[in-house]
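For reference, the structure is listed below as structure tokens.
Residue numbers (the numbering used here): 1454 to 1733.
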């Protein structure tokens, strides 16, 4: 861009006088009691330093981690398991995003879950979680079915197995507690049945199985809740949502074709039960 050349010394002198006048105005302070003049220095500082505007940051996502057996894993469903559904419902309800990590493994027992929680990857996920959902214990009781089919399994057969399962769950919850921070929430679900249920069980297992498996499930659920509460955690009942409070509803519409695992409707029901148990 071309520069402008001053025409004469007179013009330079006039410019110098004007500059002195400006400097005098900038350095002038109003006498005490007089009306304040414009603060050009403050204006200059304001121009040099951009004004900071308040920014609102979005809330950080809440982390939901599910650990447990094939129910957690979503076996035989071909659908989004309840862990992901629960996180989605939680985020929508509370207006805060929620992420889901599903560490469920088919066939897991309380003992093998304890081993999983010592592995680096799962341990990191559980340690970072805001909320951990645990579904475990049914596979610990699997051998009881063989004993029932071979001649029966009454209270004397059932009680030691349920007690051992409860001890295993206590080990699992202790490890979750050791990994998580003081603000972490832990929710442990019960079962509608620790074996097959509905039409499939009636067809494949025969007379007497439904009543026997229900008695095993009720005993297991009591032990699960008692152990959970001993750690100060929340026990989430799935028996009544699937079967009604008296246990007489046929759960077939909520189960996959194997009669053992939830279908899409069953997983949606579990997610809603978890949401209802979780405070805002």
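Virtual Cβ for every residue (Gly too), placed ideally from N, Cα, C.
Among the options, which has the Cα closest to the Cα of residue i?
i: residue 1551; options: 1583, 1534, 1715 and 1579; result: 1583
i: residue 1716; options: 1728, 1515 and 1533; result: 1533
i: residue 1706; options: 1572, 1639 and 1651; result: 1651
i: residue 1709; options: 1514, 1719 and 1646; result: 1719
i: residue 1586; options: 1522, 1656 and 1671; result: 1522
i: residue 1732; options: 1535, 1580, 1694 and 1543; result: 1543
i: residue 1594; options: 1692, 1672, 1518 and 1686; result: 1672
i: residue 1566; options: 1675, 1536 and 1621; result: 1621
i: residue 1520; options: 1576, 1546, 1547 and 1667; result: 1576
i: residue 1723; options: 1703, 1689 and 1713; result: 1689
i: residue 1562; options: 1538, 1625 and 1578; result: 1625
i: residue 1714; options: 1649, 1638, 1677 and 1578; result: 1649
i: residue 1711; options: 1656, 1670 and 1680; result: 1656
i: residue 1728; options: 1518, 1540 and 1510; result: 1540
i: residue 1598; options: 1667, 1518 and 1574; result: 1667
i: residue 1637; options: 1546, 1661 and 1580; result: 1580
i: residue 1612; options: 1633, 1623, 1670 and 1659; result: 1670
i: residue 1629; options: 1692, 1659, 1702 and 1681; result: 1681
i: residue 1726; options: 1538, 1569 and 1547; result: 1538
i: residue 1570; options: 1600, 1677 and 1518; result: 1518
i: residue 1633; options: 1609, 1661 and 1578; result: 1578
i: residue 1694; options: 1685, 1704 and 1687; result: 1704
i: residue 1600; options: 1574, 1546 and 1662; result: 1662
Give me whichever residues DSSP pairs with residue i in a beta bridge.
i: residue 1584; result: 1517 and 1638
i: residue 1715; result: 1708
Does residue i come out as helix, strand or coil in the three-state DSSP assignment?
i: residue 1542; result: helix
i: residue 1708; result: strand
i: residue 1722; result: helix
i: residue 1551; result: strand
i: residue 1647; result: coil
i: residue 1687; result: strand
i: residue 1606; result: coil
i: residue 1510; result: coil
i: residue 1468; result: Model confidence at residue 1468 stands at a pLDDT of 35, short of 50, so the residue's coordinates are unreliable and nothing is read from them.
i: residue 1572; result: coil
i: residue 1617; result: helix
i: residue 1523; result: helix
i: residue 1733; result: coil
i: residue 1701; result: coil
i: residue 1563; result: helix
i: residue 1626; result: helix
i: residue 1678; result: helix
i: residue 1669; result: helix
i: residue 1592; result: helix
Mind checking if residue i is an interface residue toward chain C, Cβ cutoff 7 Å exclusive?
i: residue 1675; result: This model lacks chain C altogether, as it is built from one protein chain only.
Assign residue i to one of two classes, buried (16 or more other C-beta atoms within 10 Å of its C-beta) or exposed (fewer than that).
i: residue 1631; result: exposed
i: residue 1605; result: exposed
i: residue 1572; result: exposed
i: residue 1607; result: exposed
i: residue 1602; result: exposed
i: residue 1683; result: exposed
i: residue 1596; result: exposed
i: residue 1627; result: exposed
i: residue 1531; result: exposed
i: residue 1664; result: exposed
i: residue 1635; result: exposed
i: residue 1568; result: exposed
i: residue 1510; result: exposed
Problem set entry | Three-pair Cβ contact test at 8 Å for the stretch 1589-1598 versus the stretch 1629-1649 | yes
Exercise. Do the stretch 1511-1526 and the stretch 1693-1700 make contact, defined as three or more Cβ pairs closer than 8 Å?
Worked result: no
Problem set entry | Stretch-stretch touch, CB-based, cutoff 8 Å, three pairs: the stretch 1614-1627 with the stretch 1543-1558 | no
Exercise. Quick check: the stretch 1520-1533 against the stretch 1551-1570, are there 3 or more CB pairs under 8 Å?
Worked result: yes
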